[in-house]
Amino acid sequence: MIRPKYYYVPPAPLRKIFRSIIWNSTSDNILISIDDGPCESSTTKILETLGDSGVKALFFVTADAAIKNRLPVKEIIKQGHLIGNHSFSHKKLRFLSGHVLKKEIVDSKSAIEDITGSPVVYFRPPYGAFDPFVLKAITDSRQKCVMWSLLSGDYLGNRKDTEKVIRNYLNSDSIIVYHDNLKSKNTIIESLKSTIQIANEKDYKIGEPSECLS
Ligand SMILES: [Zn+2]
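Heads up, the final residue of the sequence shown is numbered 216 in our numbering, and it's a clean run with no missing numbers.
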């Protein structure tokens, strides 16, 4: 059974209060974002699925995972996707000391850039947890905070529920979140395929990350 709407779609007042955050695609195209990778058991399959459909995605990787799995990160880039920063070690960023916050937001950026060889511009806080201090640290490090307008719930492990959520709440400018991690590994592939199909049925386009965040 699916949860209440606000679990998947951030409430409008929250989006209005934090206007500096990117909540929706800035073009009339859907953005697919995939958090938490790279993951040994799922990244390759995800790349195959996206490749078969000609879809490009934004992968928010953690520096920890990227350092451990450099090759998949390079493969993500080679296949024309974009890499974003999802912190160093996937901590909740609220209430951290300045020193730890710097590691999670700034040092992670440099560590990922050392692997990708190109600037990292977009940051997504783990668990979507932020406060004004976190947002300032993101902006000061010349990254842009990207949240989402549609959480797929893939990590809850029920493919049918995820499909229902996408069918109910997908818009032409949605930023959808999936997960490249152990919790989602049995649902993400089929969920990605059904999302691409639902977007086609609704005549929505899935955009390239750079055009969705320009
Ligand atoms: Zn995450």
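No residue lacks a Cβ here, since even glycine has one placed at the ideal position from N, Cα and C. Just so you know, these numbers come straight off a predicted model, no measurement behind them.
Distance cut-off 6 Å: residue i Cβ against heavy atoms of ligand 1
i, result
"proline 121", "no"
"aspartate 37", "yes"
"proline 127", "no"
Outcome for residue i when other beta-carbon atoms lying within 10 angstroms are tallied against a minimum of 16
i, result
"glutamine 145", "buried"
"tyrosine 9", "exposed"
"threonine 141", "exposed"
"asparagine 129", "It is tyrosine, not asparagine, that sits at residue 129 in the sequence shown. Classification of tyrosine 129: exposed, given that the 10 Å Cβ count is below 16."
"glutamate 50", "exposed"
"histidine 88", "buried"
"alanine 68", "buried"
"phenylalanine 132", "buried"
"isoleucine 198", "buried"
"aspartate 205", "exposed"
"serine 43", "exposed"
"glutamate 203", "exposed"
"serine 91", "exposed"
Option nearest residue i by Cα separation, candidates the options
i, options, result
"proline 40", "Tyr124, Lys104, Ile24, Leu60", "Leu60"
"lysine 162", "Ser143, Thr141, Ile190, Ile177", "Ile190"
"glycine 53", "Ser99, Glu77, Lys70", "Glu77"
"cysteine 214", "Ser110, Ser44, Met149", "Met149"
"lysine 7", "Tyr171, Gln199, Gly82", "Tyr171"
"leucine 33", "Ser151, Glu106, Asn71", "Ser151"
"aspartate 30", "Ser174, Ser212, Asn183, Pro134", "Ser174"
"isoleucine 178", "Leu153, His92, Ile208, Gly56", "Leu153"
"isoleucine 36", "Glu203, Ser196, Gly209, Asp182", "Asp182"
"isoleucine 48", "Pro211, Tyr180, Asn202", "Tyr180"
"phenylalanine 62", "Lys104, Ser110, Lys80", "Ser110"
"isoleucine 117", "Pro127, Lys70, Val102, Arg96", "Lys70"
"leucine 84", "Ala113, Asp156, Val123", "Val123"
"serine 120", "Lys80, Lys204, Thr45", "Lys80"
"glycine 159", "Ser143, Leu184, Arg169", "Leu184"
"proline 211", "Ala65, Ser27, Ile4", "Ser27"
Residue i, enclosing beta strand (DSSP E) - first and last residue
i, result
"aspartate 37", "33-37"
"glycine 86", "84-87"
"phenylalanine 135", "Careful: phenylalanine 135 lies outside any beta strand (DSSP E), inside the alpha helix (DSSP H) at 134-142."
"isoleucine 177", "177-181"
"valine 63", "60-63"
Host alpha helix (DSSP H) of residue i (start-end)
i, result
"alanine 201", "190-203"
"lysine 47", "45-55"
"aspartate 163", "161-171"
"glycine 119", "First-last for glycine 119: undefined, no H or E at that position."
"leucine 103", "100-104"
"alanine 14", "14-19"
"leucine 215", "No alpha helix (DSSP H) holds leucine 215; DSSP gives it neither H nor E."
"glutamate 42", "Careful: glutamate 42 lies outside any alpha helix (DSSP H) and carries neither H nor E."
"isoleucine 79", "72-80"
"tyrosine 9", "7-10"
CB contact below 7 Å: residue i versus chain B
i, result
"aspartate 133", "In the structure shown, chain B does not exist; there is a single protein chain."
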